[in-house]
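Chains as they are written, first to last, in the numbering used here: chain A, -14 to 218; chain B, -14 to 218.
Protein chains: 2
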Amino acid sequence: MCIAGGRIHDLQGAGSKTFGATAPTLSAQHVSTHDHLFFEGDARDRIYIVESGWVKLYRTLIDGQRQIVGFANSGSILGIESDGHYSNSCEAITDVIIRPIPAIRINGICKNDPALADQILRQIARQLGAAQSQLATIGAQSAEQKLATFLLSIADLCEVNHDREFDLPMRRGDMAEFLGLRLETVSRKMTEFQRRGWIKLTSLYHCRFLQRHVLEQLAQGGEADTGVALRAC
Amino acid sequence: MCIAGGRIHDLQGAGSKTFGATAPTLSAQHVSTHDHLFFEGDARDRIYIVESGWVKLYRTLIDGQRQIVGFANSGSILGIESDGHYSNSCEAITDVIIRPIPAIRINGICKNDPALADQILRQIARQLGAAQSQLATIGAQSAEQKLATFLLSIADLCEVNHDREFDLPMRRGDMAEFLGLRLETVSRKMTEFQRRGWIKLTSLYHCRFLQRHVLEQLAQGGEADTGVALRAC
DNA sequence: CGCGCGGTTGATCAACCTCAACCCGCGTGG
DNA sequence: CCACGCGGGTTGAGGTTGATCAACCGCGCG
C-alpha cells in the first residue's frame, strides 16, 4: 500500500548547511496535534520534511466530501507535488517536528545541494509509489480488503512491532476518508474483524493481530474463508 | 484531476549527453500500440521518459482485478516510483517513442546530471500531484462525478480542442479500470450524459461537449440539475 | 448534571455490480 | 456471397455492498 512513510537518516546534516546564494534551510519547527501546517490553496512558499510525528494530507471537494491522500511520517516531503499553491491541506495528527525548506531553493536544488536533492528524489518517488498503491486499493478493493490492507501497512510503519501490536494514530473518520469509505463502515468492519478473531482491539487506538495471515490473504485479493476451515498453504 | 500529462522541452539535449563514469542515456525506442514496456515485477534495470504517444500504467491484483494508476504522455517519467522491480505494468495505448535511462544512473544523478535530475524532479512531483488528484476522484466521487471529471481532464489534455471536440484514446474498459468502476457503468453513464444533452458522441472514440458547465459543476461536487431539457426518450 | 465528541449499532435504501442477452462492424473461411 | 465468430459496446433484471439516517453508548469536561 499506501502510506508514504519512510526514513531519511542524514537529512539533518545535509539540510542544515547553506549553499551559495540560495536561502538556507530554516530551523526545525514544532507543530501540535490538530494544527495545520498549511491549507489547500495557500501560497506555497516552502516545502517541509517531517522529522518526527504524523500528519495527514487531504483535499476537500466543494460538497464537503474530503479525501485523505496520504499519511506521512518521518522522512516524508510535504508540499512538493504542487507549484505556486499547495494542492492539499496538511494537518498534524500527532505532535510533529518539521524542517521547512524555502520553495525558492527547489529550483536548481540538484546543482546547489545534490545530497539533499537525491534524498528528496528518492523520497518523492516513494510517495508516488505509495499513492499508486493507494489508488489500487481504493479503486479495486472492497471495504473489507481496504481495511485489511490498511491495517497491515499501518502496522508495518509503526515498526514498534513488539508482538504484533501497533498503534492506530488516527480516528475512525480519518481511516474512512483515507479509504474512501464512511466511518460507520470502518467501524462495522473493525468489529467484524474482531468478532471473527482476526484482530484484537486493546483500545480504540491500539490493535493486535491475531490472524495476520487471514488479513494478508484478504489484502492480496483472496477470499478469506470466514470459517475455521482455513486451508494452510 | 488525474492524468500525468506534462511536457518537458529540452530533455533530448540534456539526456543525450554522457556524464562521467555512469552509463549513458540510451537512444530512443519505438513501441507499438498494445505492446508492453515492462510488467509489474520485472527487474527494473531502467526508467523511461516518454517522448511521444500515450501509455497506461496499471496494477493487477491476485483476483484479477486491475487498476489503472495513470495515463502518461510526452514528458512523463516511467518506472521511477519503484526500486529493484517495477511496481506497475506499462502498456502503450498508442504508438510511443521512449527514451530509456539506465537505472544505475539514478543514484547520484543529482551530482552527475543536474539538468536532467531537475527535470525528473519536477516531472515526478507533477505525477505525484496527479496521483493525489486521482485519489480524490476515485475515493470521494460518485460514478457520475468520476466520469465528468475524467472527460474534462481528457479534453484538456487533447488540447486539439477545436470547438469542444476531443478524442477518447482508450476503450470503455480502460476508463472503467482507471475510475474504479465497471465498464457497464461507464457505458451507462456515457449514454445517460448523451441522453441529457450534455455531450455528443460523434463516434465511440470521439466526443463533443454540449453543456460543459454542467459537467464542470458535477465534477466540482455540485448537484447537476437534471435540467429543463430532459425530455422524450 | 448536561453536553459534546467519538464511536458503535440498527434499519433502510440506492448506487453500483453481476450476469446475461443482444447489437454491430469486421475479418475469415467455406 | 454468406455464415460465422469475435471483440467491443450497450442494455436489462436482479442482487449486494456500502451509504444514509438515526438512535444510543461511554467518557471527559465545564
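For each residue, glycine too, the CB sits at the ideal point set by N, CA and C.
Values in this document were obtained by computation on a predicted structure and should not be read as measured data.
Worksheet item: Would a check of beta-carbon distances place residue 123 of chain B closer than 8 Å to chain A?
Response: By this cut-off, residue 123 of chain B is an interface position.
Item to complete: Give the interface partners of residue 40 of chain A over in chain B, defined as CB-CB distance under 7 Å, in chain order.
Response: What residue 40 of chain A touches in chain B: nothing, since even the nearest Cβ is about 14 Å away.
Worksheet item: Any C-beta of chain B sitting closer than 8 Å to the C-beta of residue 112 of chain A?
Response: Closer than 8 Å: yes.
Item to complete: Work out the CA separation of residue 186 of chain B and residue 147 of chain A for me, nearest whole Å.
Response: Rounded to the nearest whole angstrom, the CA to CA distance from residue 147 of chain A to residue 186 of chain B is 58 Å.
Worksheet item: Does the distance from the CB of residue 128 of chain B to the CB of residue 120 of chain A come in under 8 Å?
Response: Result no, Cβ atoms of residue 128 of chain B and residue 120 of chain A do not sit closer than 8 Å.
Discussion item. Contact criterion: CB-CB distance below 8 Å. Does residue 141 of chain B meet it with respect to chain A?
Written reply: Output row for residue 141 of chain B: interface = no.
Practice prompt. Out of B:57, B:196 and B:45, state which residue places its alpha-carbon closest to the alpha-carbon of residue 35 of chain B.
Written response: For residue 35 of chain B, the closest alpha carbon among the candidates B:57, B:196 and B:45 is that of B:57.
Fill in: Among B:118, B:39, B:71 and B:140, the one whose alpha carbon lies nearest that of residue 195 of chain B
Selected option, being the one with the closest Cα: B:140.
Worksheet item: Since residue 109 of chain A meets chain B, which of its residues come closer than 7 Å, beta carbon to beta carbon?
Response: Residues of chain B whose Cβ lies closer than 7 Å to the Cβ of residue 109 of chain A are, in chain order, 109, 110 and 113.
Practice prompt. Let me know the secondary structure DSSP gives residue 219 of chain A once reduced to three states.
Written response: Past the boundaries of the shown model lies residue 219 of chain A; chain A is included only from -14 to 218, so the question cannot be answered.
Discussion item. Here's a check: name, in chain order, each residue in its chain whose Cβ is nearer than 6 Å to the Cβ of residue -3 of chain A, leaving out the five neighbours to either side.
Written reply: Residue confidence is low: residue -3 of chain A scores 39 on pLDDT, short of 50, so the model does not pin down where it sits. No coordinate-derived value is stated.
Worksheet item: Are the C-beta atoms of residue 20 of chain A and some chain B residue less than 8 Å apart?
Response: Under the 8 Å criterion on CB atoms, residue 20 of chain A is classed as non-interfacial with respect to chain B.
Worksheet item: Secondary structure at residue 74 of chain A, three-state DSSP: helix, strand or coil?
Response: In this structure, residue 74 of chain A counts as strand in the three-state DSSP scheme.
Fill in: Three CB pairs or more closer than 8 Å across the stretch 24 to 39 of chain B and the stretch 65 to 75 of chain B
Flag = yes, the stretch 24 to 39 of chain B and the stretch 65 to 75 of chain B touch.
Worksheet item: Does the separation of the CB atoms of residue 149 of chain A and residue 193 of chain A fall below 8 Å?
Response: Residue 193 of chain A is positioned such that its CB atom lies closer than 8 Å to that of residue 149 of chain A.
Worksheet item: Hey, residue 88 of chain A and residue 17 of chain A are a contact pair by Cβ (cut 8 Å); roughly how many whole angstroms apart?
Response: About 24 Å; that fails the 8 Å criterion.
Worksheet entry | Residue closest to residue 13 of chain A, alpha-carbon to alpha-carbon, out of A:19, A:38 and A:161 | When each option's Cα is compared against that of residue 13 of chain A, the closest is A:38.
Worksheet item: With a CB to CB cut of under 8 Å and the five nearest residues on each side skipped, what residues in its chain are close to residue 21 of chain A?
Response: For residue 21 of chain A, where only same-chain residues beyond five positions count, the Cβ hits under 8 Å are 74, 75, 76 and 77.
Discussion item. For residue 205 of chain B and residue 125 of chain B, I'd like the C-alpha separation in whole angstroms.
Written reply: C-alpha of residue 205 of chain B to C-alpha of residue 125 of chain B: approximately 11 Å in a straight line.
Worksheet entry | Chain-order list of residues whose beta-carbon lies under 6 Å from that of residue 15 of chain A (same chain, five-residue window excluded) | Apart from the 5 residues on each side of it in sequence, residue 15 of chain A sits with its Cβ closer than 6 Å to the Cβ of 82 in its chain, given in chain order.
Worksheet item: So, helix, strand or coil for residue 225 of chain A, using DSSP?
Response: Beyond the ends of chain A as shown, which are -14 and 218, falls residue 225 of chain A; an answer cannot be given.
Practice prompt. Using a Cβ-Cβ cut-off of 8 Å, state whether residue 136 of chain B counts as contacting chain A.
Written response: Not an interface residue.
Fill in: Simplified DSSP state of residue 15 of chain B, which is helix, strand or coil
Shown here, residue 15 of chain B sits in a strand according to DSSP, grouped into three states.
Item to complete: Report yes if the C-beta distance between residue 191 of chain B and residue 159 of chain B is below 8 Å; otherwise report no.
Response: In this structure, residue 159 of chain B does not lie closer than 8 Å to residue 191 of chain B by Cβ.
Worksheet item: Whose C-alpha, out of B:161, B:177, B:30 and B:182, is nearest the C-alpha of residue 85 of chain B?
Response: Ranked by Cα distance from residue 85 of chain B, the first of B:161, B:177, B:30 and B:182 is B:30.
Worksheet item: Helix or strand or just coil, what does DSSP make of residue 225 of chain A?
Response: Outside the displayed range of chain A (-14 to 218) lies residue 225 of chain A, so it cannot be described from this structure.
Worksheet item: Where does residue 45 of chain B sit, in a helix, a strand or coil, going by DSSP?
Response: In the structure shown, residue 45 of chain B sits in a strand (DSSP, three-state: E or B).
Worksheet item: Is the shortest distance between the beta-carbon of residue 44 of chain B and the beta-carbons of chain A less than 8 Å?
Response: Taking CB atoms only, residue 44 of chain B has a neighbour in chain A less than 8 Å away.
Discussion item. Buried or exposed for residue 122 of chain B, going by 16 or more other Cβ atoms inside 10 Å?
Written reply: Around the beta carbon of residue 122 of chain B, a 10 Å sphere encloses 16 or more other beta carbons of the protein chains shown; the residue is thus reported as buried.
Worksheet item: To which residues of the same chain is residue 177 of chain B closer than 7 Å at the C-beta, ignoring the five residues directly before and after it?
Response: Excluding positions up to five away in sequence, the list is empty.
Worksheet item: In angstroms, rounded to a whole number, what distance separates the CA positions of residue 40 of chain A and residue 79 of chain A?
Response: Their backbone Cα atoms lie some 7 Å apart in a straight line.
Discussion item. Which same chain residues end up closer than 6 Å to residue 171 of chain A when comparing Cβ atoms and leaving out the 5 residues on each side of it in sequence?
Written reply: Taking C-beta separations shorter than 6 Å and ignoring five residues to either side along the sequence, the partners of residue 171 of chain A in its chain run 157, 160 and 161, following chain order.
Worksheet item: Buried or exposed: residue 48 of chain B, going by 16 or more other Cβ atoms within 10 Å of its Cβ?
Response: A residue is called buried once 16 or more other Cβ atoms fall within 10 Å of its Cβ, and residue 48 of chain B, having fewer, is exposed.
Discussion item. In the DSSP output, which residue or residues are listed as bridge partners for residue 81 of chain B?
Written reply: Answer is B:16.
Worksheet item: If you run the structure through DSSP and keep just helix, strand and coil, what is residue 163 of chain A?
Response: Of the three classes helix, strand and coil, the one that applies to residue 163 of chain A here is helix, per DSSP.
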